Structures are given as structure tokens and as C-alpha cells.
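For the record, the sequence lines run as chains H and V.
Using UniProt numbering, you'd call the opening residue of the first sequence number 1 and step up by one each time.
Using UniProt numbering, you'd call the opening residue of the second sequence number 1 and step up by one each time.
Just so you know, even glycine gets a beta-carbon here, dropped at the ideal spot from N, CA and C.
These numbers were taken from a predicted model, which means no experiment stands behind them.
For reference, the structure is listed below as C-alpha cells.
Number of protein chains: 2
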Amino acid sequence: MEHVSLPALSRVAICGGTHGNELSGVWIVREMQKQQVEKVGSISITTVMSNPRAVEACKRYMETDLNRCFTDAILSAPVTDVTPYEVRRAHELNAQLGPKGSQEAMDLVCDLHNTTANMGLCVIFTTFNWISLHIYKYLKSVCVVPEFVSELFLLFSTAFEVGPQPNGVVRADIYNLMKEALDHLVDWVQEFNSGITFEGGEVEAYVFEKSIDYPRDPDTNELTAIIHPQLQDKDFILLKPGDPIFLSFSGETVKYEGKELYPFFVNECAYYEKHIAFHLAQKTILTIPSVSVEND
Amino acid sequence: MEHVSLPALSRVAICGGTHGNELSGVWIVREMQKQQVEKVGSISITTVMSNPRAVEACKRYMETDLNRCFTDAILSAPVTDVTPYEVRRAHELNAQLGPKGSQEAMDLVCDLHNTTANMGLCVIFTTFNWISLHIYKYLKSVCVVPEFVSELFLLFSTAFEVGPQPNGVVRADIYNLMKEALDHLVDWVQEFNSGITFEGGEVEAYVFEKSIDYPRDPDTNELTAIIHPQLQDKDFILLKPGDPIFLSFSGETVKYEGKELYPFFVNECAYYEKHIAFHLAQKTILTIPSVSVEND
Chain H
1 MEHVSLPALS
11 RVAICGGTHG
21 NELSGVWIVR
31 EMQKQQVEKV
41 GSISITTVMS
51 NPRAVEACKR
61 YMETDLNRCF
71 TDAILSAPVT
81 DVTPYEVRRA
91 HELNAQLGPK
101 GSQEAMDLVC
111 DLHNTTANMG
121 LCVIFTTFNW
131 ISLHIYKYLK
141 SVCVVPEFVS
151 ELFLLFSTAF
161 EVGPQPNGVV
171 RADIYNLMKE
181 ALDHLVDWVQ
191 EFNSGITFEG
201 GEVEAYVFEK
211 SIDYPRDPDT
221 NELTAIIHPQ
231 LQDKDFILLK
241 PGDPIFLSFS
251 GETVKYEGKE
261 LYPFFVNECA
271 YYEKHIAFHL
281 AQKTILTIPS
291 VSVEND
Chain V
1 MEHVSLPALS
11 RVAICGGTHG
21 NELSGVWIVR
31 EMQKQQVEKV
41 GSISITTVMS
51 NPRAVEACKR
61 YMETDLNRCF
71 TDAILSAPVT
81 DVTPYEVRRA
91 HELNAQLGPK
101 GSQEAMDLVC
111 DLHNTTANMG
121 LCVIFTTFNW
131 ISLHIYKYLK
141 SVCVVPEFVS
151 ELFLLFSTAF
161 EVGPQPNGVV
171 RADIYNLMKE
181 ALDHLVDWVQ
191 EFNSGITFEG
201 GEVEAYVFEK
211 SIDYPRDPDT
221 NELTAIIHPQ
231 LQDKDFILLK
241 PGDPIFLSFS
251 GETVKYEGKE
261 LYPFFVNECA
271 YYEKHIAFHL
281 AQKTILTIPS
291 VSVEND
């Protein structure tokens with residue numbers, strides 16, 4: 001694994017508002033559209049407001065979570081009169097930015113998300129690929145200390161997940177962190193396209209292992225406990241057996257049972273309905289090759 | 001102003017979910033109802049889920065903000081088929097807990113709120129009264145460092161406003177802070193009813209002066225700037241002329257012009273639609289008398 005040559009990344013899409021109440025990405029895309037950003041050096045830029053109705057309503061989604069609609073099954077099913085808004089929108093986005101896996105597809109899609117969890121700048125990919133890993137390595141070197149997570153079901157290739165920020169709120173610190181990371185991503189792509197070789201090496205990454213739900217009342221399904229104060233805001237800090245994870249409304253502490261893993265998305269607002277109190281990941285070291293652009 | 005005797009506080013109401021996505025109060029009231037708390041010592045306790053439909057939907061409100069419906073004008077207008085849900089609910093709550101100003105009304109109503117602003121535990125009253133001020137003085141002495149604000153339009157007498165907590169999320173630290181304050185409030189009322197004299201003295205309070213809106217595009221009404229990082233989370237810290245207050249999406253800093261005042265509700269989620277970026281208050285010192293219960 002010494003060196004890999006890859007095609008140029010000529011077409012980059014930047015998406016905000018995939019979840020309508022995650023406002024940093026919404027405002028970054030609005031601002032880029034207002035300034036009519038369509039080209040940066042060698043790169044053609046497409047800005048997309050993914051779920052405009054949800055943005056308008058300042059809700060995560062109208063009928064169903066758009067970010068769970070980019071599966072082959074959903075994208076290959078026919079659209080009818082009763083198809084939910086987000087499924088129709090997923091078909092439209094797939095036509096505009098894809099089709100997924102085709103020659104016409106965008107070379108890179110960066111989808112901008114916020115979380116109420118204390119995750120800092122977190123870079124999420126659905127599948128390991130050298131470009132994504134090099135961008136992550138670059139971000140780690142230039143500005144911020146991002147975390148890297150592999151997770152399923154995302155819109156396309158790459159997502160920035162930045163927090164903590166409440167839904168429906170823009171915090172300048174979180175907005176600026178996302179903007180800075182996006183600027184660096186564009187810089188990296190320009191340098192890559194210009195022929196620069198990026199050295200390989202080791203990068204740390206977190207690989208999703210499982211989700212943990214809140215304790216619930218078996219009859220009503222309502223929560224009986226919340227995230228323990230000692231776990232709150234402790235994303236990416238090793239969780240050991242016996243560590244407190246939940247505090248019940250009656251004051252009892254629930255302790256973690258299981259092997260040592262790293263929690264993330266701790267107390268994410270949108271995950272209450274998905275029955276996820278937090279995710280757990282393994283930390284791993286990946287060795288990646290150096291990369292440069294193919295000569296045509 | 002040496003001593004004031006006041007009637008016993010026999011009937012206390014505790015309200016959660018006046019805003020359906022402010023979850024600390026929702027869960028405190030749910031837990032009290034599950035445990036069927038109806039009496040604590042000398043006090044009869046009424047627990048109320050103020051806006052059950054909004055709680056169910058995890059939204060601030062369904063049709064209109066319930067916490068702006070307790071005006072004499074709204075409460076005296078007739079209810080018809082087209083009356084918004086929250087207005088009907090305000091009439092119901094006024095019948096259950098009031099009528100406001102009547103002999104049958106609750107002696108004390110504590111309404112539980114959360115904010116995305118960094119306000120800690122903040123005690124809000126609509127009108128100055130010795131009971132409210134003594135509860136505030138007691139809270140300051142026993143556990144936490146609450147702030148005290150006089151503001152208009154609230155449900156009834158007393159509100160706890162605790163943050164920062166995102167809408168739709170319960171944080172154990174914020175939940176516990178609210179719960180602790182509520183327990184101390186009930187303790188105070190019990191001690192007051194039992195005949196203890198509470199010494200008077202000086203208390204600091206903030207008096208609402210005005211609201212500041214975000215800079216907006218005059219054509220679209222959309223935000224052109226957000227709260228400046230140097231103002232974010234700085235509730236109740238003196239704002240001086242020349243201090244940064246907004247950061248525009250194009251990177252410019254907007255500075256404060258005006259007299260020295262104290263900001264609060266800085267970057268409260270629900271206030272974007274109300275055109276409020278933050279409130280400003282004057283700090284004042286109030287001298288209050290000692291109080292004890294009247295002998296019947």
C-alpha cells in the first residue's frame with residue numbers, strides 16, 4: 001500500500017438542511033447561494049438545500065427522515081401520489097447529485113449536520129475510501145481536532161457532524177468550526193487536483209459497533225432514566241464497565257456493562273425517537289497509502 | 001418596611017410543559033404525577049401538564065404560544081369553534097388554577113421552563129411581591145446562584161427558567177438543578193406556613209428594559225448575522241458600549257451602542273421568531289421586609 005492514483009475531483013456538492021433544524025449547514029449553504037459560489041479554482045461547486053420544506057418549518061423532517069432515504073431499495077422504488085415528501089426529495093437529489101455509483105455522479109458530496117452531542121467536529125463516512133480518509137487526515141493536521149466515524153445510511157460520501165448546538169439555534173463557534181472545516185476541505189481538493197502528493201500514514205478512526213437505548217417503562221415505552229451527568233458531554237472518551245451511564249428519575253444510577261468502547265452521539269436530540277441514547281464505537285488505527293491525482 | 005404578615009400558602013401548583021419541548025419541567029411533572037404527589041406537609045400540591053398536545057408533539061406550541069395567552073384580554077374573551085388550542089387551554093388552566101386574582105386561586109404557581117441560553121437557574125416573576133422575593137433570597141442562600149428577573153406575560157406568579165438545555169433534550173445537570181430548586185421552594189413554603197420569620201434585607205434583581213433583534217435583510221427579513229462568540233453564553237454579564245454583539249455571515253462584527261445593561265436570554269431558540277436576539281436588563285438592589293405567616 002505505497003501509492004494510489006485517483007481521478008480528479010472536479011465536481012463537489014455541498015449540502016445543508018438535510019435536517020431542517022440543524023442550522024449551521026443551512027446558513028452556510030444560504031450564504032454560499034447568496035454569494036453565488038459556483039466555482040473555486042479547479043472545482044465546480046454545487047450547493048444544495050436538501051430539505052427546503054423542513055428548513056422552512058425548522059423541523060428535522062416533514063414526513064420521514066431524509067437521511068435514511070438514500071438506500072438502494074428506496075431509490076429504486078417508483079414514486080407515486082402517496083410517496084412521502086422526503087422520499088420524493090431523495091429521488092430528486094439522487095438525480096441531481098448522482099445517480100449514486102454512476103459516471104455522472106458528483107465526485108464528492110459534503111453534507112453538513114449539527115448535533116446536540118458534544119462531538120466537536122466529527123467527520124462521518126459511510127464507506128472507507130482513500131479520499132475521505134485523506135481529507136480527515138488533512139483536517140486533523142491543519143486546524144481542528146476532528147473525530148472520524150464510519151456509519152451507515154448517510155446521504156452521500158462525506159458528512160461533517162458538528163456540535164454541541166441545539167436544534168433551531170446557530171452558535172457562532174459551531175458555525176465557524178464547520179465553515180473552517182469546509183474551507184479546508186475545498187483547499188485539499190484543489191491541492192489534490194493540482195497534482196500534489198499527499199503522504200500516507202496512520203490515522204485513528206472510530207468504527208460504529210452498536211447503539212444503546214434509554215431504559216424505558218415496558219408498558220408505556222416512556223423513558224425511566226436520562227443520560228448520567230458523568231456521561232453527558234463525554235463523547236469519544238473511553239467507557240469502561242461500571243461507569244455510570246443513566247440516572248433514573250427516581251435517582252438511581254445505571255452502570256455500563258460490556259466491553260470497553262467509545263461513546264458518541266451522547267444525548268442527541270433526534271435519537272430519542274430512534275431509541276438511541278448513544279452509540280458505541282471501537283477505536284482503530286488505519287494505515288493509508290499516499291495519494292495523488294491520475295494523469296489523464 | 002420592617003415586617004409584613006401574609007396569608008398561609010396552602011395551595012401550590014407546579015406546572016411543566018407550558019412549552020412542550022422544554023423537557024426538564026415535563027419530566028419533573030410526569031414523575032410527580034406517577035408518584036401521585038398531592039400533599040407535602042401543610043401544602044396541597046397540584047401538578048399540571050400545561051400543554052399536553054405540544055408535549056406529545058415535542059413542540060413549543062401547536063397554534064400559538066400558551067405563555068402569551070394569560071392576559072386579561074384573552075382570558076375574558078369568549079371561546080368559539082375557531083379558538084386556537086392554546087387559548088382554550090389558557091381558559092382551562094385559569095379555571096383550574098385561578099381565576100387569576102380571585103379568592104379561589106392557587107396561592108403560588110411555579111411554572112417550569114428551559115432555555116437554550118446560558119442562564120443557569122433564573123427565577124422570573126411578573127410582579128414584585130414579597131413571597132417571590134423571599135423565595136428567591138432563600139434559593140440564593142441554600143444551594144444555587146439563581147438570577148432574578150422581572151418580566152411580563154407569564155402564566156402565573158413564578159417561573160424557573162433553567163439552561164442551557166437544547167429543546168427536545170433532557171440534560172441531567174439541568175434537570176437536577178431545576179428539581180433541587182423546586183424542592184427548596186417547597187421547603188420554604190412549609191417553613192413559612194409553620195410560622196418561621198424570614199429576615200428581610202437587600203436582594204439583587206434584574207429588571208427587563210428592552211429587547212434587541214438580530215440584524216435582518218430588509219427585503220427578505222432573514223438574519224444577516226448571529227450572536228457574536230464573545231456574547232454567546234454571557235447572560236447576566238455587563239454589556240458595555242463597543243462590546244461585540246453580532247457576527248455577520250460575511251464576517252463583520254456588530255458592536256453594541258447604548259448604555260451599560262445586562263443581557264439575558266442570549267440566543268434563546270424560541271426567540272428567533274419573536275425577533276429577539278437577547279433581552280437587556282438593569283440591575284437593581286431591592287430592600288425587602290421580613291415576612292411571616294398571619295395568625296388566623
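Delimiting residues of the alpha helix (DSSP H) encompassing residue i
| i | result |
| --- | --- |
| H/Leu75 | 72-76 |
| V/Thr250 | Per the sequence shown, residue 250 of chain V should be read as Ser rather than Thr. No alpha helix (DSSP H) holds V/Ser250; DSSP gives it neither H nor E. |
| V/Val55 | 52-57 |
| H/Met62 | Premise fails: H/Met62 is in no alpha helix (DSSP H) and is neither H nor E. |
| H/Arg89 | 85-97 |
| residue 341 of chain H | The requested residue 341 of chain H does not occur in the structure, where chain H is confined to residues 1 to 296. |
| H/Val189 | 172-193 |
Straight-line gap, residue i to residue j (C-alpha atoms, nearest Å)
| i | j | result |
| --- | --- | --- |
| V/Glu137 | V/Glu2 | According to the sequence as given, residue 137 of chain V is Lys; it is not Glu. Using only the alpha carbons, I get a separation of about 17 Å. |
| V/Ser248 | H/His113 | 21 Å |
| V/Tyr61 | H/Tyr175 | 27 Å |
| V/Ile281 | V/Leu108 | Inspection of the sequence shows that residue 281 of chain V is occupied by Ala rather than by Ile. When rounded, the distance between both Cα atoms is 25 Å. |
| H/Thr197 | H/Glu191 | 9 Å |
| H/Leu121 | V/Tyr271 | 27 Å |
| H/Gly195 | H/Tyr85 | 42 Å |
| V/Tyr256 | V/Gly101 | 41 Å |
| H/Ser42 | H/Val186 | 10 Å |
| V/Pro289 | V/Val4 | 6 Å |
| V/Leu231 | H/Ser76 | 49 Å |
| H/Phe278 | H/Ala172 | 26 Å |
| H/Ile131 | H/Leu139 | 12 Å |
| H/Pro78 | H/Val55 | 26 Å |
| H/Asp233 | V/Pro164 | 13 Å |
| V/Tyr218 | H/Glu294 | This sequence places Pro at residue 218 of chain V; Tyr is not what is there. Distance between the alpha carbons of V/Pro218 and H/Glu294 is about 49 Å. |
| H/Met32 | H/Glu180 | 14 Å |
| V/Arg11 | V/Thr46 | 8 Å |
| H/Trp188 | H/Ile276 | 34 Å |
Boundaries (first-last residue) of the beta strand (DSSP E) holding residue i
| i | result |
| --- | --- |
| H/Val109 | 108-114 |
| V/Leu121 | 120-125 |
| V/Lys274 | Element bounds for V/Lys274: n/a, residue is neither H nor E. |
| V/Lys34 | Careful: V/Lys34 lies outside any beta strand (DSSP E), inside the alpha helix (DSSP H) at 23-34. |
| V/Gln282 | 278-288 |
| V/Glu161 | 158-163 |
| H/His19 | Here H/His19 belongs to no beta strand (DSSP E), and DSSP marks it neither H nor E. |
| H/His3 | 3-6 |
| V/Ser211 | 201-212 |
| H/Phe264 | 262-264 |
Status (buried if at least 16 other CB within 10 Å, exposed otherwise) for residue i
| i | result |
| --- | --- |
| V/Ser44 | exposed |
| V/Thr220 | exposed |
| V/Ile135 | buried |
| V/Ala73 | exposed |
| V/Asp235 | buried |
| V/Phe156 | Because the pLDDT at V/Phe156 is just 47, under 50, the model does not fix this residue reliably, and the value given afterwards should be weighed accordingly. Buried. |
| H/Leu261 | buried |
| H/Leu154 | For H/Leu154, the predicted model reports a pLDDT of 39, less than 50, meaning its position is unreliable; a value from the coordinates is still stated below. Classification for H/Leu154: buried. |
| V/Leu152 | Note that V/Leu152 has pLDDT 39, beneath the 50 cutoff, so the model's placement of it is unreliable and no number is given. |
| V/Ile124 | buried |
| residue 297 of chain H | No statement about residue 297 of chain H is possible, as the shown extent of chain H runs from 1 to 296 and does not include it. |
Rounded distance between the beta-carbons of residue j and residue i, thought under 8 Å
| i | j | result |
| --- | --- | --- |
| H/Asn167 | H/Thr126 | H/Asn167 to H/Thr126, Cβ: 23 Å. No contact. |
| V/Leu182 | V/Ile28 | 7 Å |
| V/Pro241 | V/Gly258 | 6 Å |
| V/Leu93 | V/Val48 | 7 Å |
| H/Val170 | H/Ser50 | Their Cβ separation, rounded to whole angstroms, is 17 Å, which puts H/Val170 and H/Ser50 out of contact at 8 Å. |
| H/Glu202 | H/Ile285 | 5 Å |
| V/Tyr214 | V/Lys283 | Not a contact, Cβ separation roughly 25 Å. |
| V/Asp81 | V/Cys15 | About 27 Å separates the two Cβ atoms, so there is no contact after all. |
| V/Phe246 | V/His228 | 5 Å |
| V/His225 | V/Val254 | Correcting the residue identity first, residue 225 of chain V is Ala in this sequence and not His. Going by Cβ atoms, the distance from V/Ala225 to V/Val254 rounds to 6 Å, so yes, they are a contact pair. |
| H/Gly17 | H/Ala57 | Not quite, the Cβ-Cβ distance comes to about 11 Å (not below 8 Å), so this is no contact. |
Within chain C, the residues that residue i reaches when beta carbons sit closer than 7 Å
| i | result |
| --- | --- |
| V/Thr116 | Absent here is chain C; the protein component of the structure consists of chains H and V. |
*Check distances from the C-beta atoms of the segment 267-283 of chain V to those of chain H and list, in chain order, the residues that come in under 9 Å.*
So the list reads Asn267, Glu268, Cys269, Ala270, Tyr272, Glu273, given in the order they occur along the chain.
*Can you list, in chain order, the residues of the segment 206-240 of chain V whose Cβ is nearer than 7 Å to any Cβ on chain H?*
Result list: Ile226, Ile227, His228, Pro229, Gln232.
_For the segment 160-184 of chain H, list every residue whose C-beta sits within 9 Å of some C-beta in chain V, in sequence order._
Listed by position, the residues of the segment 160-184 of chain H near chain V (Cβ gap below 9 Å) are Pro164, Gln165, Pro166, Asn167, Gly168, Val169, Val170, Arg171, Ala172, Asp173, Tyr175, Asn176.
_Give me the subset of the segment 27-38 of chain V whose CB atoms are less than 7 Å from a CB atom of chain H, sorted by chain position._
Cβ contacts with chain H come from Trp27, Glu31.
*Against chain V: residues of the segment 40-70 of chain H by CB proximity under 7 Å*: Under the 7 Å Cβ criterion, the segment 40-70 of chain H contributes no residue.
*Residues in the segment 242-257 of chain V with C-beta within 8 Å of chain H's C-beta atoms, listed in sequence order?*
Flagged, chain order: Leu247, Phe249, Ser250.
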